[in-house]
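K.L.:
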Amino acid sequence: MNVLMKENEKWVDEVFDKIHKKLRKTAESSYDKIPYTTVNGVHDNKAETDISWWTNGFWPGLMWLMYIHTKDEQYKKTAEHAEELLDKALADYDSLHHDVGFMWNMSSGVNYRLFGGKASKNRFMFAANVLAGRFNPKGGFIRAWNGNTDGWTIIDSMMNIPLLYRASKECGDTRFENVARIHADTLMRTHMREDGSCNHIVKIDTETGEVLENFGGQGYEEGSSWSRGQSWALYGYILSYIHTGDEKYLNTAKRAANYFIANVALTDYLPLTDFRAPREPYVIDTTAGACAACGLIEISRAVPENEGRMYLDAAFRMLHALEKHCDFTDDTESLLQDGMEKYHDSSEMPIIYGDYFFVEALYKLKGHELLSW
Ligand code: GLY
Numbered sequence: 002m003n004v005l006m007k008e009n010e011k012w013v014d015e016v017f018d019k020i021h022k023k024l025r026k027t028a029e030s031s032y033d034k035i036p037y038t039t040v041n042g043v044h045d046n047k048a049e050t051d052i053s054w055w056t057n058g059f060w061p062g063l064m065w066l067m068y069i070h071t072k073d074e075q076y077k078k079t080a081e082h083a084e085e086l087l088d089k090a091l092a093d094y095d096s097l098h099h100d101v102g103f104m105w106n107m108s109s110g111v112n113y114r115l116f117g118g119k120a121s122k123n124r125f126m127f128a129a130n131v132l133a134g135r136f137n138p139k140g141g142f143i144r145a146w147n148g149n150t151d152g153w154t155i156i157d158s159m160m161n162i163p164l165l166y167r168a169s170k171e172c173g174d175t176r177f178e179n180v181a182r183i184h185a186d187t188l189m190r191t192h193m194r195e196d197g198s199c200n201h202i203v204k205i206d207t208e209t210g211e212v213l214e215n216f217g218g219q220g221y222e223e224g225s226s227w228s229r230g231q232s233w234a235l236y237g238y239i240l241s242y243i244h245t246g247d248e249k250y251l252n253t254a255k256r257a258a259n260y261f262i263a264n265v266a267l268t269d270y271l272p273l274t275d276f277r278a279p280r281e282p283y284v285i286d287t288t289a290g291a292c293a294a295c296g297l298i299e300i301s302r303a304v305p306e307n308e309g310r311m312y313l314d315a316a317f318r319m320l321h322a323l324e325k326h327c328d329f330t331d332d333t334e335s336l337l338q339d340g341m342e343k344y345h346d347s348s349e350m351p352i353i354y355g356d357y358f359f360v361e362a363l364y365k366l367k368g369h370e371l372l373s374w
């Protein structure tokens with residue numbers, strides 16, 4: 002076993018046990034909900050307030066990770082129930098956009114990969130068709146949102162396109178993968194910068210594929226470096242490499258990772274919400290660290306062990322730092338605290354994808370297969 006894995010084996014086991022103890026209870030108490038955050042320690046419920054919200058796949062996704070690791074039926078029941086609640090969103094065409102990947106790959110996609118049910122297959126293949134249908138062949142990109150945003154693409158979409166790779170594998174038709182690869186290639190040109198940092202939102206010419214405009218998006222300002230966007234790039238490109246074997250995606254992921262590691266090393270392995278924001282106010286985003294740790298673990302597996310050590314070591318440093326921001330008690334139903342939705346007009350809060358990625362990182366370290374993406 003890898004030395005770093007050996008050194009951390011006991012720690013991973015202990016943290017996972019604490020998580021199971023906590024989440025086993027919330028899997029039951031939040032059975033009828035799709036949580037986004039907590040209010041006074043209690044999960045809110047997007048199934049009631051906004052069933053089409055982009056994060057609604059993370060709760061069933063989290064439940065599946067816990068089920069696979071523990072085989073506790075409560076997690077399975079809660080994941081399946083959330084998947085059914087999401088049918089209301091799938092039936093509302095106008096509310097569907099590029100985040101169908103986040104919503105149905107981790108929910109129906111995982112269910113189908115585990116159990117092969119027809120209803121789950123229908124859901125994730127329908128979602129894949131919606132995502133592929135957003136492709137603009139002349140511009141060479143998948144459009145992000147609806148309304149007056151034609152040409153808008155965001156780096157977050159790199160986490161949505163694994164749905165397309167999975168769909169191609171499922172039906173043996175390369176068109177889904179080809180759409181994903183063209184989109185990934187475009188974003189390497191339009192969003193990724195030479196130093197490994199990236200733009201969040203870019204408006205692309207729908208006829209020529211040229212960049213028309215950059216937006217700061219959820220970061221500090223145009224040209225800055227929103228850390229969750231950096232983690233979407235890091236993890237997203239290594240996922241494209243895993244699904245295609247194309248080395249240019251591995252190299253892009255490594256560039257994003259090297260940049261991320263250099264930045265978090267300056268702040269005790271807790272990412273600032275934007276790496277290029279002023280140091281005051283000092284605002285971290287734990288969710289960016291959790292997502293990046295998942296990508297770093299995958300990079301460490303994709304390269305020779307001597308090279309992978311740096312990525313794995315950085316992942317462990319971040320996870321140890323994040324553990325201090327976890328609440329393992331029953332005082333609150335959320336696990337990872339101090340996430341940030343965006344740099345401006347936002348405050349520190351637990352967010353479901355923070356919980357999800359922290360658990361996914363540990364799930365990977367326990368040696369489980371990549372199933373959610
Ligand atoms: N995909 C939007 C976000 O990361 O907040």
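Per our numbering, residue 2 is the first one in the sequence shown, and the count goes up by one each step. Using N, Cα and C, we set each Cβ at its ideal position, and we do this for glycine too. All of these numbers come straight from a predicted model, not from anything done at the bench.
Any heavy atom of the ligand GLY closer than 6 Å to the beta-carbon of R229?
P.N.:
For the purposes of this step, residue 229 is taken as residue 228 along the sequence shown, with counting starting at 1. Yes, the beta carbon of R229 sits closer than 6 Å to at least one heavy atom of the ligand GLY.
K.L.:
Within this structure, are the beta carbons of I353 and P61 separated by less than 7 Å?
P.N.:
In the sequence shown, residue 353 corresponds to position 352, counting from 1. In the sequence shown, residue 61 corresponds to position 60, counting from 1. In this structure, I353 sits away from P61, with a CB-CB distance that is not shorter than 7 Å.
K.L.:
Within 7 Å of any Cβ in chain C, is that where the Cβ of Y76 sits?
P.N.:
The structure shown contains no chain C; it is built from a single protein chain.
K.L.:
With I205 as the anchor, note down where its beta strand (DSSP E) starts and where it stops.
P.N.:
The residue labelled residue 205 in the question sits at position 204 within the sequence shown. Looking at the DSSP string, the run of the beta strand (DSSP E) that includes I205 is I202 to I205.
K.L.:
Taking T191 as part of the alpha helix (DSSP H), name the residues at either end of that continuous run.
P.N.:
Within the sequence shown, residue 191 is the residue found at index 190, counting from 1. First-last of the alpha helix (DSSP H) with T191: R176 to T191.
K.L.:
On the DSSP bridge assignment, give the partners of D275 in chain order.
P.N.:
Your numbering for residue 275 matches position 274 in the sequence shown. Looking at the DSSP assignment, D275 forms a beta bridge with W227.
K.L.:
With a threshold of 16 other CB atoms inside 10 Å of the CB of A185, please say whether the residue is buried or exposed.
P.N.:
As a position in the sequence shown, residue 185 is number 184, starting the count at 1. Buried, by the Cβ-count rule.
K.L.:
Tell me the DSSP secondary structure of L371 in three-state form.
P.N.:
Within the sequence shown, numbered from 1, the residue matching residue 371 stands at position 370. Judged by DSSP in its simplified three-state form, L371 adopts coil rather than helix or strand.
K.L.:
Hey, how far is the Cα of A145 from the Cα of D93?
P.N.:
Within the sequence shown, the letter at position 144 stands for residue 145. Within the sequence shown, the letter at position 92 stands for residue 93. Straight-line measurement puts the Cα of D93 at about 17 Å from the Cα of A145.
K.L.:
Shortest alpha-carbon distance to E334 belongs to which of V16, S169, K23 and M2?
P.N.:
Here residue 334 corresponds to residue number 333 of the sequence shown, with the count starting at 1. With distances taken between Cα atoms, E334 lies closest to K23.
K.L.:
Roughly how many angstroms lie between the CA atoms of W233 and D331, to the nearest whole one?
P.N.:
On the sequence shown, position 232 is the one that residue 233 refers to. On the sequence shown, position 330 is the one that residue 331 refers to. Their backbone Cα atoms lie some 30 Å apart in a straight line.
K.L.:
Counting only the same chain and skipping the five closest in sequence on each side, list residues whose C-beta sits under 8 Å from that of D269.
P.N.:
Within the sequence shown, the letter at position 268 stands for residue 269. Cβ within range, chain order: A322.
K.L.:
Taking only three categories from DSSP, how would you classify T268?
P.N.:
Position 267 of the sequence shown, counting from 1, holds the residue named residue 268. Helix, per DSSP.
K.L.:
Report the CB separation of D151 from T207 in whole angstroms; it is logged as a contact under 8 Å.
P.N.:
On the sequence shown, position 150 is the one that residue 151 refers to. On the sequence shown, position 206 is the one that residue 207 refers to. So it is a contact: roughly 6 Å between Cβ atoms.
K.L.:
Counting along the chain, where does the beta strand (DSSP E) carrying W153 start and finish?
P.N.:
On the sequence shown, position 152 is the one that residue 153 refers to. Following the DSSP letters along the chain, one finds W153 inside the beta strand (DSSP E) bounded by residues W153 to I155.
K.L.:
Give me the DSSP bridge partner(s) of G218.
P.N.:
Against the sequence shown, residue 218 aligns to sequence position 217. Answer is none; G218 lacks a bridge partner.
K.L.:
Tell me the DSSP secondary structure of C340 in three-state form.
P.N.:
Walking along the sequence shown from the start, residue 340 turns up at place 339. Before going further, note that residue 340 is Gly rather than Cys in the sequence given. In this structure, G340 counts as strand in the three-state DSSP scheme.
K.L.:
According to DSSP, is H44 helix, strand or coil?
P.N.:
Position 43 of the sequence shown, counting from 1, holds the residue named residue 44. H44: strand per DSSP, three-state reduction.
K.L.:
Just tell me which of L273, T175 and K34 has its CA closest to the CA of E281.
P.N.:
Sequence index remark: in the sequence shown, residue 281 carries index 280 (1-based). Measuring from the Cα of E281, the nearest candidate turns out to be L273.
K.L.:
What are the boundary residues of the alpha helix (DSSP H) that includes N106?
P.N.:
Numbered from 1 along the sequence shown, position 105 holds the residue referred to as residue 106. From DSSP, N106 is part of no alpha helix (DSSP H); its letter is neither H nor E.
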